[in-house]
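Chemist: Before anything else, here's the structure in question.
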Amino acid sequence: MMNEIVRKYIGWGLVLALVQIFVFREVNFGWGDFYYVHILVYPALILVLPIKIPRTYLMIIGFFLGLILDLFYLSPGIHSSALVFMAFIRTLVLNLLEPRGGYKVNSSPTIYHLGMNWFLSYSAIMIFLHHLFYFSVEVFTFNEMLYIWLRTVFSFIFSMLFILIFCVIFNPRY
Amino acid sequence: MVDLIRFFLRNGALFLFILLQSICFWMLITFNQSHRAIFLHNKVLVTAGLQERIDNLFDYWDLYHISDSLAAENALLLEKIFESQQKEPADTLATIHGGKGAYSIVPAKVIYNRIGGRNNNMLINRGTNDGVDRGMGVIDGSTGLVGITRYCSANFCRLISLLHSQTMISARIQNRDYFGSVVWHSVNPTRMNLEAVPVHARFERGDTLVTSGYSTLFPPGVEIGIIEDFDVPPGSNFYNIQIRLINDISKAKYVYVINDLLAEEKKLHLMHLDDE
Numbered sequence: 002m003m004n005e006i007v008r009k010y011i012g013w014g015l016v017l018a019l020v021q022i023f024v025f026r027e028v029n030f031g032w033g034d035f036y037y038v039h040i041l042v043y044p045a046l047i048l049v050l051p052i053k054i055p056r057t058y059l060m061i062i063g064f065f066l067g068l069i070l071d072l073f074y075l076s077p078g079i080h081s082s083a084l085v086f087m088a089f090i091r092t093l094v095l096n097l098l099e100p101r102g103g104y105k106v107n108s109s110p111t112i113y114h115l116g117m118n119w120f121l122s123y124s125a126i127m128i129f130l131h132h133l134f135y136f137s138v139e140v141f142t143f144n145e146m147l148y149i150w151l152r153t154v155f156s157f158i159f160s161m162l163f164i165l166i167f168c169v170i171f172n173p174r175y
Numbered sequence: 113m114v115d116l117i118r119f120f121l122r123n124g125a126l127f128l129f130i131l132l133q134s135i136c137f138w139m140l141i142t143f144n145q146s147h148r149a150i151f152l153h154n155k156v157l158v159t160a161g162l163q164e165r166i167d168n169l170f171d172y173w174d175l176y177h178i179s180d181s182l183a184a185e186n187a188l189l190l191e192k193i194f195e196s197q198q199k200e201p202a203d204t205l206a207t208i209h210g211g212k213g214a215y216s217i218v219p220a221k222v223i224y225n226r227i228g229g230r231n232n233n234m235l236i237n238r239g240t241n242d243g244v245d246r247g248m249g250v251i252d253g254s255t256g257l258v259g260i261t262r263y264c265s266a267n268f269c270r271l272i273s274l275l276h277s278q279t280m281i282s283a284r285i286q287n288r289d290y291f292g293s294v295v296w297h298s299v300n301p302t303r304m305n306l307e308a309v310p311v312h313a314r315f316e317r318g319d320t321l322v323t324s325g326y327s328t329l330f331p332p333g334v335e336i337g338i339i340e341d342f343d344v345p346p347g348s349n350f351y352n353i354q355i356r357l358i359n360d361i362s363k364a365k366y367v368y369v370i371n372d373l374l375a376e377e378k379k380l381h382l383m384h385l386d387d388e
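Heads up: the sequence lines are chains A and B, in that order. Numbering (the working numbering) for the first sequence: 2 to 175. Numbering (the working numbering) for the second sequence: 113 to 388.
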């Protein structure tokens, strides 16, 4: 049972990484002078991992998933840094959004367990912070704040769309 | 001692976070500082083979386009040959350097390219085995620049794209002889900026920008782009010039690496210029 669940999560991680590398890496679009959209779907894995998983393990998972993406983006450190950050703040966000009566012991923060409304606010906070961190690290200077914010906001909208589609289609239940 | 261990255990997540982030930033910084390339050197090798396979998959759709551009390229080269035959032999560099050309050109294929980020990288399928090495310019056919080689392994080479925050290319306004540096400030992959042209310079919209040849990266006279708009920021002594690139970097597929055969000798002089 346990092994099956682990295998399932590894499978999702691979699917997300492959989709990111083969499809969304090639997608860059904008309007006219406006080149701000880059869709990132792989943070969905960190979103849906079980609640009871320790924070340290989560960060290590994030680090290695990020490393795989960095290898294919030729951008050492950027993706892994953002994912480690996202894994680190997940506990804080979960505490912030804790429903009355707390979480069930063996549940995951998914639509199946906690409903669409809860998942929307949860994923919105997480993905927005991830994108903000990602684009800040990519630019690596605070001289270009406008650029960071524009990219964050516009990429966030499209990433959310695709992550929600992913979560509705696969609807993780563990 | 026990307290110390307990402190570490209690704040384990925080310490791990700091540790992992330091690793990430270390990678980031080594990647930005060009001299410590060993780590990346290995990484280029790891994924380059796979990357090439991915690229072959996408190649199929581009074929139409490429055959057209290759034909145009060949035509242009033929033109050049004819042109050079008409010139006096003493004019050409080939004779000055004892029959050896000043540049050797290595054709290469782009196997990874991205234009969406602030610092974009590319990968080409030529490496040190083909005579490509660090710090060589890469052009897109006869007009338009593509990037500069950074880390080379035996069979592959990573470029910094022209669309990179560290790009700085010495350029000259054709027929007017003012020069400046081309940099990328914007998020638009078709526009770049020309900096350090003094306010007394006279030029017009639509003037062509070419490489100056003041570095060992690019030979003089390769077209870069067209001046689209310019203004003088208040209180500045230099123009702020926006240029439209002549080539579409996102479509760069078959590129040419320029190996300046006299680079070592030139660098020797360029290096000592700053000391005096």
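Each residue gets a CB set at the ideal place from its N, CA and C atoms; glycine is no exception. Remember, predicted model here, so these are calculated numbers, not experimental data.
Which runs of the beta strand (DSSP E), 3 residues or longer, sit entirely within the stretch 289–370 of chain B?
Modeler: 291–295, 303–307, 320–323, 335–343 and 352–357
Chemist: Tell me the rounded alpha-carbon separation between residue 189 (chain B) and residue 17 (chain A).
Modeler: 45 angstroms
Chemist: Taking the alpha-carbon of residue 11 (chain A) as reference, which of A:50, A:164, A:134 and A:24 has the nearest alpha-carbon?
Modeler: A:50
Chemist: Report the option in B:363, B:215 and B:377 whose CA atom is closest to the CA atom of residue 225 (chain B).
Modeler: B:363
Chemist: Is residue 330 (chain B) close to chain A, meaning its C-beta is less than 8 angstroms from at least one C-beta of that chain?
Modeler: no
Chemist: Going by DSSP in three states, residue 283 (chain B) sits in which element: helix, strand or coil?
Modeler: strand
Chemist: Is residue 5 (chain A) near the ligand ADP, with its Cβ less than 7 angstroms from a heavy atom?
Modeler: Only the bare structure without any ligand can be found here, which leaves the ligand ADP out of the picture.
Chemist: Taking the C-alpha atoms as reference points, what is the distance between residue 119 (chain B) and residue 243 (chain B)?
Modeler: 55 angstroms
Chemist: Quick one: does residue 93 (chain A) have its CB under 8 angstroms from some CB of chain B?
Modeler: Not closer than 8 angstroms to any Cβ of chain B, the Cβ of residue 93 (chain A) fails to qualify, so no.
Chemist: Does residue 347 (chain B) pass the burial test, meaning 16 or more other C-beta atoms within 10 Å, or should it be called exposed?
Modeler: exposed
Chemist: Which of the residues in the stretch 293–321 of chain B, read from start to end, lie with their CB under 7 angstroms from any CB of chain A?
Modeler: 299, 300 and 301
Chemist: In its own chain, which residues sit with a C-beta less than 8 angstroms from the C-beta of residue 90 (chain A), not counting the 5 before and 5 after it?
Modeler: 127 and 130
Chemist: To which residues does DSSP link residue 390 (chain B) through a beta bridge?
Modeler: The structure shown does not extend to residue 390 (chain B), since chain B is modelled only from 113 to 388, so the question has no answer here.
Chemist: Using a Cβ-Cβ cutoff of less than 8 angstroms, which residues in the same chain neighbour residue 353 (chain B) once the five nearest sequence positions on both sides are dropped?
Modeler: 292, 305, 306, 307, 309, 339, 341 and 342
Chemist: Three or more beta-carbon pairs under 8 angstroms between the stretch 65–76 of chain A and the stretch 92–111 of chain A, yes or no?
Modeler: no
Chemist: Return the CA-CA distance between residue 21 (chain A) and residue 42 (chain A), expressed in angstroms with no decimal places.
Modeler: 6 angstroms
Chemist: Which full runs of the alpha helix (DSSP H) of 4+ residues lie inside the stretch 45–108 of chain A, going along the chain?
Modeler: 45–49, 56–74 and 79–97
Chemist: Return no unless some Cβ of chain A is closer than 8 angstroms to the Cβ of residue 364 (chain B).
Modeler: no
Chemist: Going by alpha carbons, who is nearest to residue 253 (chain B) out of B:227, B:221 and B:280?
Modeler: B:221
Chemist: Leaving out five residues on either side along the sequence, give the residues of the same chain with a beta carbon under 6 angstroms from the beta carbon of residue 37 (chain A).
Modeler: 31, 151, 152 and 155
Chemist: How would you list, in chain order, the residues of chain A whose beta-carbon sits under 7 angstroms from the beta-carbon of residue 136 (chain B)?
Modeler: Simply 78, 81, 82 and 85.
Chemist: Spell out whether any CB of chain B is found under 8 angstroms from the CB atom of residue 163 (chain A).
Modeler: no
Chemist: Considering only C-alpha positions, which residue in the set B:123, B:369 and B:132 is nearest to residue 262 (chain B)?
Modeler: B:369
Chemist: Per DSSP, what kind of secondary structure is residue 372 (chain B) in: helix, strand or coil?
Modeler: When secondary structure is reduced to three states using DSSP, residue 372 (chain B) falls in the strand class.
Chemist: How many Å lie between residue 167 (chain A) and residue 111 (chain A) at the Cα?
Modeler: Between residue 167 (chain A) and residue 111 (chain A), the alpha-carbon positions lie close to 12 angstroms from each other.
Chemist: To the nearest angstrom, how far is the alpha carbon of residue 40 (chain A) from that of residue 138 (chain A)?
Modeler: 16 angstroms
Chemist: Taking 8 angstroms as the CB-CB limit, is residue 356 (chain B) close to chain A?
Modeler: no
Chemist: Got a sec, what are the start and stop residues for the alpha helix (DSSP H) residue 158 (chain A) sits in?
Modeler: 146–171
Chemist: Between which two residues does the beta strand (DSSP E) containing residue 40 (chain A) stretch?
Modeler: From DSSP, residue 40 (chain A) is part of no beta strand (DSSP E); its letter is neither H nor E.
Chemist: Per DSSP, what kind of secondary structure is residue 266 (chain B) in: helix, strand or coil?
Modeler: DSSP, read as helix, strand or coil, puts residue 266 (chain B) in coil.
Chemist: Residue 250 (chain B) lies in the alpha helix (DSSP H); which residues open and close that run?
Modeler: Counting along the chain, residue 250 (chain B) falls outside any alpha helix (DSSP H), though it belongs to the beta strand (DSSP E) covering 249–251.
Chemist: Under 8 angstroms, Cβ to Cβ, is there at least one residue of chain B near residue 153 (chain A)?
Modeler: It does not: the Cβ of residue 153 (chain A) has no partner Cβ on chain B nearer than 8 angstroms.
Chemist: Our contact map puts residue 273 (chain B) next to residue 233 (chain B) with C-beta atoms below 8 angstroms; I'd like the distance itself, whole angstroms only.
Modeler: 6 angstroms
Chemist: Between A:122, A:107 and A:60, which has its C-alpha nearest residue 97 (chain A)'s C-alpha?
Modeler: A:122
Chemist: Quick check on residue 211 (chain B): buried or exposed, where buried means 16 or more other Cβ atoms within 10 Å of its Cβ?
Modeler: Unreliable positioning characterises residue 211 (chain B) in this predicted model, as indicated by a pLDDT of 42, which lies under 50. A coordinate reading is not provided.
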